[in-house]
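Everything on this sheet refers to the single structure shown next.
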Amino acid sequence: MQDDTLQLNNSKATTTPLSTRLPFTKYDFGWVLLCIGMAIGAGTVLMPVQIGLKGIWVFITAFIIAYPATYIVQDIYLKTLSESETCDDYTDIISHYLGKNWGVFLGVIYFLMIIHGVFIYSLSVVFDSASYIKTFGLTEADLSQSIIYKVAIFAVLVAIASGGEKLLFKISGPMVVVKVGIILIFGFAMIPHWNLDNISAFPAASVFFRDVLLTIPFCFFSAVFIQV
Numbered sequence: 000m001q002d003d004t005l006q007l008n009n010s011k012a013t014t015t016p017l018s019t020r021l022p023f024t025k026y027d028f029g030w031v032l033l034c035i036g037m038a039i040g041a042g043t044v045l046m047p048v049q050i051g052l053k054g055i056w057v058f059i060t061a062f063i064i065a066y067p068a069t070y071i072v073q074d075i076y077l078k079t080l081s082e083s084e085t086c087d088d089y090t091d092i093i094s095h096y097l098g099k100n101w102g103v104f105l106g107v108i109y110f111l112m113i114i115h116g117v118f119i120y121s122l123s124v125v126f127d128s129a130s131y132i133k134t135f136g137l138t139e140a141d142l143s144q145s146i147i148y149k150v151a152i153f154a155v156l157v158a159i160a161s162g163g164e165k166l167l168f169k170i171s172g173p174m175v176v177v178k179v180g181i182i183l184i185f186g187f188a189m190i191p192h193w194n195l196d197n198i199s200a201f202p203a204a205s206v207f208f209r210d211v212l213l214t215i216p217f218c219f220f221s222a223v224f225i226q227v
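Count the sequence shown with numbering that gives the first Met the number 0 and you get residues 0 to 227, in order.
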C-alpha cells in the first residue's frame with residue numbers, strides 16, 4: 000500500500016510542471032523598449048560619424064569582432080543576475096559568486112563603466128539640444144557653452160532617473176518608438192543616395208588595424224544595454 004502511494008505521488012510530481020509560464024506584461028514591454036533605446040543609443044549618436052571617418056571595411060571588421068563579444072558579455076551579465084539565489088545589487092551578487100574582494104573590484108569597474116556611459120549620453124543631450132535650439136532660431140548663442148544650461152540638463156536627467164521605473168517608461172517609451180521610426184524612415188530614404196564608388200578603397204594595413212581597434216568600442220556600445 001505504501002509503495003502504491005509513493006508511485007502515485009511520483010507520477011503526480013512528474014506530470015506537474017516545475018514552473019508556470021509568466022505572461023508578457025506592459026511592465027516587461029517597458030523594459031524591452033528601455034533596453035532597445037539604450038542599445039541603439041550609441042549606434043545612432045556616434046556610430047555613423049565613426050563609420051564615415053574610418054570607412055566601411057573598418058566598420059565591418061570591428062562589427063565582426065565586437066558584436067559576438069557584446070552578446071557574450073550581456074549573456075553572462077543576465078545569467079549572473081537571474082540565476083543568483085539572492086536578490087541584491089550587482090556588487091552583492093558578484094560577491095556571492097566570487098567573494099568579497101572580487102565583488103568590490105568588479106563593482107568599481109561596473110560603476111566606472113556606468114559613469115562613463117552617463118557622461119557620454121548626458122553630454123550628447125547637452126550639445127545636441129543646444130544645437131537644435133540654435134538651429135531653429137530660439138537662441139542666438141550656443142547654450143552648450145553655458146555652465147547653467149549644462150547643470151540644468153544634468154539636473155533634469157537625474158530627476159527623471161530618480162523618479163522610478165514608471166516615469167522612465169512613460170518618457171523613454173515614446174522617445175524610443177519615435178527614434179526607431181525616424182531611423183527606419185531615413186535609412187530607406189537614403190538608399191537612392193548611396194555612393195558605392197568608395198567600397199573598393201582599402202586603407203594601409205597599419206592604418207586599418209589601428210582604425211579597427213579605435214572602432215571596436217563604438218561597435219560594442221552601439222548594442223550593449225548593461226547600463227540599464
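Built from N, CA and C at the ideal position, the CB exists for glycine as well.
Considering residue 73, what are the terminal residues of the alpha helix (DSSP H) in which it resides?
-> Position 74 of the sequence shown, counted from the start, is the residue given in the question as residue 73. Start and end: 55-81.
Hey, could you find the ends of the alpha helix (DSSP H) residue 100 is sitting in?
-> Residue 100 sits at position 101 when you count from the first residue of the sequence shown. Residue 100 -> alpha helix (DSSP H) spans 99-134.
Give the range of the alpha helix (DSSP H) segment to which residue 20 is assigned.
-> Here residue 20 refers to the residue found at position 21 of the sequence shown. Unbroken run through residue 20: none, as it is neither H nor E.
Run the CB neighbour count on residue 214, radius 10 Å, all protein chains shown included, and call it buried at 16 or more, exposed below.
-> Within the sequence shown, residue 214 is the residue found at index 215, counting from 1. Here residue 214 is buried, its C-beta having at least 16 other C-beta atoms within 10 Å.
Locate the alpha helix (DSSP H) running through residue 180, then write down its first and last residues.
-> Here residue 180 is taken as the residue at index 181 of the sequence shown, counted from 1. That run of the alpha helix (DSSP H) goes 164-188.
N- and C-terminal bounds of the alpha helix (DSSP H) containing residue 160 = As a first step, residue 160 must be located in the sequence shown, where it is residue number 161. Where residue 160 is concerned, the enclosing alpha helix (DSSP H) stretches over 146-160.
Close beta carbons around residue 148, own chain, < 6 Å, minus the five adjacent residues each side | Locating residue 148 in the sequence shown gives position 149, where the first residue counts as 1. Taken in chain order, the residues that qualify are 142.
Give me the Cα-Cα distance between residue 110 and residue 89, rounded to the nearest whole angstrom.
-> Looking up residue 110 in the sequence shown gives position 111. Looking up residue 89 in the sequence shown gives position 90. When rounded, the distance between both Cα atoms is 10 Å.
What three-state label does DSSP hand residue 217 in the structure shown?
-> Translated into the one-based positions of the sequence shown, residue 217 becomes position 218. Three-state result, residue 217: helix.
CB-CB under 7 Å to residue 83, same chain, minus the five flanking residues each way: which ones, in chain order?
-> As a first step, residue 83 must be located in the sequence shown, where it is residue number 84. Result list for residue 83: 92 and 95, in chain order.
Distance, residue 64 Cα to residue 203 Cα | Start at 1 with the first residue of the sequence shown, and residue 203 comes out as number 204. Start at 1 with the first residue of the sequence shown, and residue 64 comes out as number 65. Spanning the two alpha carbons is a distance of roughly 19 Å.
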